[in-house]
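Some notes on the structure that comes next.
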Amino acid sequence: LKEGRFRLDIRKKLFTVRVVRQLNRLPREVVDVPSLEVFKARLDGALSNLV
Numbered sequence: 149l150k151e152g153r154f155r156l157d158i159r160k161k162l163f164t165v166r167v168v169r170q171l172n173r174l175p176r177e178v179v180d181v182p183s184l185e186v187f188k189a190r191l192d193g194a195l196s197n198l199v
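Be aware that the sequence shown starts at 149, since it is given in this note's numbering, and climbs by one per residue.
Structure, rendered in structure tokens:
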């Protein structure tokens with residue numbers, strides 16, 4: 149059997165790591181909200197500004 153090289157950057161490709169990285173980049177007014185409905189509305193506004 150041929151032994152392959154271990155990929156050290158495998159963690160960068162995981163879905164959860166990518167999602168957390170994007171959530172950490174959100175503005176504070178999107179994250180610090182009292183309810184889920186307000187969070188969804190502000191998240192939609194923040195993401196529409198990126199596109």
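Yeah, the Cβ is synthetic: ideal placement off N, Cα and C, and Gly gets one too.
Mapping the DSSP letters down to three states, classify ASP180 as helix, strand or coil.
Coil.
State the CB to CB distance for the pair VAL178 and LEU191, rounded to an integer number of angstroms; the pair is presumed to be in contact (CB under 8 Å).
That belief holds up - the Cβ atoms of VAL178 and LEU191 are roughly 6 Å apart, short of 8 Å.
For the alpha helix (DSSP H) containing ARG166, name the first residue and the last one.
163-172 is the span of the alpha helix (DSSP H), which, as asked, contains ARG166.
At the level of alpha carbons, what is the spacing between LEU174 and ASN197?
The alpha-carbon atoms of LEU174 and ASN197 are separated by roughly 11 Å.
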